[in-house]
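Chains as they are written, first to last, in this note's numbering: chain L, 71 to 321; chain F, 1429 to 1910. Note that CB positions come from ideal geometry on N, CA and C, so glycine has one too. In what follows, a structure is listed as structure tokens, so that the remarks can point back to it.
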Amino acid sequence: MTMLEIENLHATAGDAEILKGIDLTIRPGEIHAIMGPNGSGKSTLAGVLSGRAAFEVTKGSILYQGKNLQELDPEQRAREGIFLAFQYPVEIPGVTNNYFLKASLNAIRTHRGEEELDAMDFLSVVKEKMKIVEMPKDLMGRSINEGFSGGEKKRNEVLQMLLLEPKLMVLDETDSGLDIDALRVVATGVNHLRSPERSMLVITHYQRLLDYIVPDVVHVLSEGRIVRSGGRELALELEEKGYGWIEEAGA
Amino acid sequence: MSETIEKLADREYEYGFVTDIEEERIPKGLSEEIVRIISAKKDEPEWLLKWRLKAFERFQQMREDGHCPDWAKLSYPEIDFQDMYYYAAPKPKKQLESLDEVDPELLATYEKLGIPLQEQKRLAGVAVDAVFDSVSVATTYKGELEKQGILFGSFSEAVKNHPELVRKYLGSVVPYSDNFFAALNSAVFSDGSFAYIPKGVRCPMELSTYFRINAQETGQFERTLIIAEESSYVSYLEGCTAPMRDENQLHAAVVELVALDDAEIKYSTVQNWYPGDKDGKGGIYNFVTKRGACRGKRSKISWTQVETGSAITWKYPGCILQGDDSVGEFYSVALTNNRQQADTGTKMIHIGKNTKSTIISKGISAGHGQQSYRGLVRIGPKAHGARNYSQCDSLLLGDQCGAHTFPYLEVKNASSTLEHEATTSKIGEDQLFYCRQRGISEEDAISMIVNGFCKEVLRELPMEFAVEAQALLGVSLEGSVG
């Protein structure tokens, strides 16, 4: 079964049509990168996949592991294994990271028919994962993302990903605002999850992330459509020639 | 989102049942005669009756002068003081010797409310005084407390057994002339709790009063008096619930606290009176005067309140910081959903030197709820080095509700320091979506965000009740984002 099958997807934000007919198939184990200039619809695609209310699907279909994704609430999608690493992780004052991650993991475990973890078990699980992303201990006791640096926020996203062990990971510009060291750490965390059963959709503006998270397929998104697909080398070509090249070629 | 809201808005008030019990009531309405009847029912000494009558006279005067307070940001029809009962009590079967003889119907009621009174089922570490309509029906752990010299029980008993203490302190913090509702309470109060902690004693358990309104068309007017002698400590908690009814019922209480040198009183409230239905029908009118006097040096009084119930809440628990180096604290979470209205806050009156006060107020408005924080910080001319820190945060859920802040500052000493911070925020779609993307349901997400918002206040509650308060906030709030 395919992990994700998108057919002729059209989506709007308010009155504007952003996605204008996307076709995309991702099989288990594959890593796909989506690149494209600002405003090409990259984040809209991430939003549509995760069920953000701001976007409306007007045409086309999305099948996730054979299920019609549009029938699922955001939390159901998450429980079924779709994980979105946010471009701008949200701050929630007064709710500790620790509490939040435990509530999240237990919601997902319950859905999978597994037992909830108590505080002690959770702690031992989370400690292991924290090592992978070199997460400072004190961040667990602080409010979710509040006062975190850009790098800490993104590491926190990857930490959650490691904990929840999703099947389809959507990384929305996870590299934005990261220095090279932070980028390396984040990529290490992501690569930890590479497996024949998991798939990833890596959305990025720059090819440098793909030096660390090496994709199987690269797609170029322009004005709401995938205008070109290719192997790893497409990203390098794109960097060299710029997005203008694709837009010209597409025209 | 709106489906979740509707589903949850239909959730019933959990404590809305009525206990079918035979009650004794006195005739409807308010008059000098009624005041005399109440006093006679309690077999009160002459001085107390006189005090009530003076209060009644004052109340009548205020009523004629049109002194029913209208400065609060609340709207409600005029209260008809003649159209209610001022005393209702379960008919006693006989003189009670022990809790085992309490009417089983009453025991069952409290059990249903989560407050078991029978010896074998009592809450560990919490002594409970159960006030049902106008009277105290039972007090647990009385004997154990008495061994340490701690007096805890109903106000009426205290009048009988310790008249000297009651006479000395009654009205000394909240005089009957203080305000309209305090005058009314002073005239017709029927019962309440009394606690006295002797010098140097640290009360070994939480003292708690559980107020229950049951009788129809009846007001509840209780009076609580807590005295902490030098170097003593007590933590006290009150809880309140009432049946669901279509008419409004009045609750006008007075609470007085006195802390002497080095004494500390921690007073917590979880107020869950019936809030009315979602269209604003019914619910309790909660007009309460609460004040603590830090009479002694280095004494401390701390108010923590979680106000989720009542159609109308009007209360400003305050501290008179008389002793040098005394400390007053006010931690409040108030929640107004549907058509609820709250005008609440505190008064910190700095009189002594180096007195310190902290105010943390968290207001949550949802549905058509309207809420105001109203707080006074007064620094007297002799309060050298006084400090106040105030923080008022409001959280809005939806766009039909309102939050307002009315801080009053009166500073007469230039060496004092005051800080005031205020914020208003809305629960963000982004925050909710972030939680849901991590598999957390919308309901759980709202309750998590709200509890996070209130954390600084909730952590001031005694452990046992923090959990209850958290759950209560969740239930009262969920389904109100729109």
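Keeping to the same chain, check which residues put their C-beta closer than 6 Å to that of residue i; ignore five residues upstream and five downstream.
i	result
L229/L	K199, V203, M205
K1627/F	E1657, E1658
L1846/F	N1816
K1605/F	Contrary to the premise, residue 1605/F reads as Ser rather than Lys in this sequence. Excluding residues within five positions, the ones whose Cβ falls inside 6 Å are R1486.
Y1759/F	T1732, I1788, V1885, E1888
N1766/F	K1706, G1795
S1727/F	A1687, A1691, G1751, S1754
D1438/F	Its pLDDT being 43, under 50, D1438/F is placed unreliably by the model, and the measurement read from it follows with that caveat. Counting only Cβ-Cβ distances below 6 Å, and skipping sequence neighbours, we find nothing.
H181/L	R149
P159/L	N215, K223, E227
H275/L	none
L1579/F	Y1624
Per DSSP, residue i is paired with what?
i	result
N1816/F	S1785/F, L1846/F
C1668/F	F1639/F, Q1699/F
L304/L	The partner list for L304/L (beta bridge, DSSP) is empty, contrary to what the question assumes.
V272/L	A103/L, L241/L
Q1865/F	Bridge partners of Q1865/F: none, in fact.
N1714/F	H1679/F, T1741/F
T1447/F	Note: T1447/F sits in no beta bridge, so no partner.
F1622/F	G1581/F, L1653/F
A1555/F	L1635/F
S299/L	H289/L
V1565/F	Beta-bridge pairing links V1565/F to no other residue.
F1758/F	W1731/F, I1787/F
L1911/F	The displayed coordinates of chain F run from 1429 to 1910. Any statement about residue 1911/F would go beyond what the structure contains.
In or out: residue i buried (at least 16 other Cβ within 10 Å) or exposed?
i	result
Q1389/F	Outside the shown range of chain F (1429 to 1910) lies residue 1389/F, about which nothing can therefore be said.
W1479/F	buried
R225/L	buried
I250/L	exposed
S1430/F	Any reading at S1430/F must be qualified, since the residue scores a pLDDT of 37, below 50, and its modelled position is unreliable; no value is offered.
K137/L	exposed
I1433/F	With a pLDDT of 36 at I1433/F, under the threshold of 50, the modelled position of that residue is not reliable, and the figure given next carries that caveat. Flag for I1433/F reads buried.
Q1576/F	exposed
N215/L	buried
G151/L	buried
T128/L	exposed
W1475/F	exposed
G1780/F	buried
E193/L	It is Leu, not Glu, that sits at residue 193/L in the sequence shown. The residue in question, L193/L, is exposed, as its Cβ has fewer than 16 Cβ neighbours within 10 Å.
Residues of chain L with a CB under 7 Å from the CB of residue i: which are they?
i	result
S1381/F	Residue 1381/F cannot be examined here, being either before or after the span of chain F that is shown, 1429 to 1910.
D1858/F	V160
F1861/F	R122, P144
Under 8 Å Cβ-Cβ, which residues of chain L neighbour residue i?
i	result
F1881/F	P163, G164
Might you give, ordered along the chain, the residues of its own chain that have their beta carbon closer than 8 Å to the beta carbon of residue i, omitting 5 neighbours on each side?
i	result
R1864/F	E1870, A1873
List, in chain order, every chain F residue whose beta-carbon is nearer than 7 Å to that of residue i.
i	result
S174/L	R1866, G1867, I1868
H289/L	Going along chain F, no residue has its Cβ under 7 Å from H289/L, so there is no contact; the nearest lies around 23 Å.
Mind listing the chain L neighbours of residue i? Cutoff is C-beta to C-beta under 9 Å, in chain order.
i	result
I1877/F	I162, P163, G164, V165
What does residue i touch in chain F if you count any residue whose Cβ is under 8 Å from its own?
i	result
L154/L	Q1865
Whose C-beta lies closer than 7 Å to the C-beta of residue i among residues of the same chain, with five residues either side of it excluded?
i	result
F1484/F	E1460, V1463, A1615
E341/L	The structure shown does not extend to residue 341/L, since chain L is modelled only from 71 to 321, so the question has no answer here.
A321/L	With a pLDDT of 44 at A321/L, under the threshold of 50, the predicted position of this residue should be treated as unreliable, and no value is reported.
I1465/F	I1454
A116/L	L154, V240, D242, I273
G300/L	V288
Taking residue i as the query, report the chain F residues whose CB atoms sit under 9 Å from its CB, ordered along the chain.
i	result
A177/L	R1866, G1867, I1868, S1869, D1872
A148/L	R1864, Q1865, R1866, G1867, I1868
D230/L	The sequence shown places Gln at residue 230/L, not Asp. Residues of chain F passing the Cβ test: R1866.
H181/L	G1867
At a Cβ threshold of 7 Å, is residue i touching chain B?
i	result
Y1759/F	Among the protein chains in the structure shown, which are L and F, there is no chain B.
(request) Count the C-beta pairs between the stretch 1893-1903 of chain F and the stretch 172-187 of chain L that are closer than 8 Å, then say yes if the count reaches three, no if not. (result) no
(message) I want to know whether the stretch 130-144 of chain L touches the stretch 1858-1872 of chain F - three or more CB-CB distances under 8 Å.
(response) yes
(request) Answer yes if the stretch 1552-1566 of chain F comes into contact with the stretch 1582-1593 of chain F, meaning at least three C-beta pairs across the two stretches below 8 Å, and no otherwise. (result) Result yes; three or more Cβ-Cβ pairs closer than 8 Å.
(message) Taking contact to mean 3 or more Cβ pairs, one atom from each stretch, closer than 8 Å, check whether the stretch 1779-1795 of chain F and the stretch 1804-1822 of chain F are in contact.
(response) yes
(message) Pairs of beta-carbons, one from the stretch 1760-1779 of chain F and one from the stretch 1735-1747 of chain F, closer than 8 Å: are there three or more?
(response) The answer is yes - the stretch 1735-1747 of chain F touches the stretch 1760-1779 of chain F, with three or more Cβ pairs under 8 Å.
(message) Counting beta carbon pairs with one atom in the stretch 1678-1685 of chain F and one in the stretch 1589-1606 of chain F, are three or more of them shorter than 8 Å?
(response) yes
(message) For the structure I just gave you, are there three or more beta carbon pairs, one from the stretch 101-114 of chain L and one from the stretch 280-296 of chain L, closer than 8 Å?
(response) yes
(message) Three or more C-beta pairs under 8 Å: does that hold for the stretch 1847-1855 of chain F against the stretch 1709-1723 of chain F?
(response) no
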